[in-house]
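Going by numbering that gives the first Met the number 0, the letters in the sequence shown line up with residues 0 to 322, in that order.
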Amino acid sequence: MAIQDSTEHTTTSSVVSELKKHSDGTNFIKEYKDIFSKEKSTGSDLKTDKFTDEAAALDVLKALIEEKKTSITKEDVRKKWDFHSSPHAHFGKTLDDTYMAFLSWARVKEDKSKVNVSKAFRRLESYADWMHDAAADLTNPPLTTESVKKAVDAWAFNTSIDSEGRLVWWCDMGKFNYSQFKDDFTPEDHLRAFVWYLHAVLYNESARENGMIFVQNVNKIGLVQCLTLMPPKLSTKLDRLTIGVLPIKMQCIYMFETPTWINIFMKIVGVFMSKKMKERMVTLKWDEIDKIGGVEAIPKGFGKVEGTLEESVIEKMYFTEGS
């Protein structure tokens with residue numbers, strides 16, 4: 000059960016005031032302006048971009064990487080291109096597999112046999128920067144299924160495949176044990192759990208080929224409770240990874256039980272969003288759940304609907320004994 004804040008934040012001034020009060024030195028508006036600006040700059044086609052056939056795309060991307068590495072004089076900066084903190088090996092993948100995920104994301108919509116390699120490179124460089132900056136938390140200890148399972152379980156994640164073959168990532172905040180978040184886990188535990196899970200999504204074939212939908216039961220969470228769920232620096236860092244760094248084809252974000260303050264916050268940061276990003280953010284009522292792949296794709300016990308799915312795609316693949 001979510002603990003409701005005693006104050007209902009229904010005005011822009013009230014929301015902004017609480018953002019400042021609980022910022023812990025993080026300028027939320029500035030951070031999200033940068034996040035959405037980065038998403039637009041790395042996710043758009045430019046006139047000078049290099050396009051190539053899919054068969055040649057990997058070699059062209061590798062050439063761009065080598066060219067970039069050669070131009071860097073500082074060893075500590077060049078090291079990011081080694082992707083030493085990437086967990087690809089843990090997932091049974093190679094660096095080439097990771098590169099291919101970025102190239103798949105950058106395929107031309109009108110002609111899937113063509114790839115915008117320049118766009119893939121821009122997003123890959125953002126990934127290299129993010130993973131390099133977080134390396135200390137991701138490599139000591141190594142990022143493994145066993146090391147993140149308890150924290151992943153606390154987030155009550157679930158995944159399914161909808162009728163269109165897309166991966167659906169479910170998050171039910173009504174199932175959160177809020178005291179456990181702070182008592183049992185460090186901020187680094189949450190960071191590691193999210194990075195691991197996002198890579199499990201990244202390497203999922205359905206997500207790569209058909210895209211992903213994120214569905215969240217916000218459960219009327221209060222503003223203060225949301226702002227103190229994890230440190231502001233961490234929450235914005237994870238949003239940066241999710242929104243403008245990883246090459247995940249996010250087709251829609253559906254939200255249920257959204258309180259007024261979320262609608263206000265979305266209007267504040269919405270001025271920095273692309274038109275496409277705004278269109279992806281959709282608030283639904285429970286009787287509109289059929290827009291999301293049918294009941295066979297809805298986890299049992301999710302929110303206020305009668306879902307029938309009992310097995311999570313990611314859980315079954317990585318957390319089931321013998322998997």
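For glycine and all other residues, C-beta sits at the position ideal for the given N, C-alpha and C. Keep in mind that this is a model prediction, so the values were computed, not measured.
Beta-carbon separation (whole angstroms), residue i vs residue j, contact threshold 8 angstroms
i, j, result
"residue 34", "residue 239", "5 angstroms"
"residue 167", "residue 296", "6 angstroms"
"residue 150", "residue 182", "At roughly 13 angstroms, the Cβ-Cβ gap does not stay under 8 angstroms, so residue 150 and residue 182 are not in contact."
"residue 159", "residue 281", "Residue 159 to residue 281, Cβ: 18 angstroms. No contact."
"residue 256", "residue 214", "That pair is no contact at about 12 angstroms."
"residue 260", "residue 21", "With 8 angstroms as the limit, residue 260 and residue 21 do not qualify as a contact, their Cβ atoms being about 12 angstroms apart."
"residue 190", "residue 233", "6 angstroms"
"residue 192", "residue 174", "Actually they are not in contact, since the Cβ atoms of residue 192 and residue 174 sit about 15 angstroms apart, beyond 8 angstroms."
"residue 113", "residue 53", "7 angstroms"
"residue 14", "residue 263", "5 angstroms"
Cβ neighbour criterion (16 or more within 10 Å) applied to residue i
i, result
"residue 93", "exposed"
"residue 285", "exposed"
"residue 275", "exposed"
"residue 11", "exposed"
"residue 56", "buried"
"residue 243", "buried"
"residue 45", "exposed"
"residue 0", "Interpretation of residue 0 is limited by its pLDDT of 38, a score under 50 that renders its predicted location unreliable; the figure taken from the coordinates is listed afterwards. Per the 10 Å Cβ criterion, exposed."
"residue 141", "exposed"
"residue 277", "exposed"
"residue 72", "exposed"
"residue 305", "exposed"
"residue 43", "exposed"
"residue 178", "exposed"
"residue 203", "buried"
"residue 2", "A caution first: residue 2 carries a pLDDT of 43, below 50, which makes its placement in the model unreliable, though a value can still be read off. So residue 2 counts as exposed."
"residue 91", "exposed"
"residue 171", "buried"
Helix, strand or coil at residue i according to DSSP, with G and I counted as helix
i, result
"residue 181", "helix"
"residue 2", "Bear in mind that a pLDDT of 43 at residue 2, under 50, signals an unreliable position, so the number given afterwards is only what the model happens to contain. Residue state, collapsed to three classes: coil."
"residue 311", "coil"
"residue 244", "coil"
"residue 151", "helix"
"residue 13", "helix"
"residue 316", "helix"
"residue 36", "helix"
"residue 272", "coil"
"residue 289", "helix"
"residue 48", "coil"
"residue 229", "coil"
"residue 90", "coil"
"residue 41", "helix"
"residue 115", "strand"
Where the beta strand (DSSP E) containing residue i begins and where it ends
i, result
"residue 166", "166-171"
"residue 254", "249-255"
"residue 82", "No beta strand (DSSP E) holds residue 82; DSSP gives it neither H nor E."
"residue 160", "156-160"
"residue 281", "280-282"
First through last residue of the alpha helix (DSSP H) which encompasses residue i
i, result
"residue 98", "94-104"
| Okay, do the stretch 118-136 and the stretch 71-90 touch, 3+ Cβ pairs below 8 angstroms being the bar? | Between the stretch 118-136 and the stretch 71-90 there are three or more C-beta pairs closer than 8 angstroms, enough to call the two in contact.
| said: Quick test of the definition: if touching needs 3 or more C-beta pairs under 8 angstroms, does the stretch 96-110 touch the stretch 23-34? | reply: Short answer: they don't touch.
| task | Tell me, please, whether the stretch 248-256 touches the stretch 37-48 by the rule of three or more beta-carbon pairs shorter than 8 angstroms. | result | The stretch 248-256 vs the stretch 37-48: no contact.
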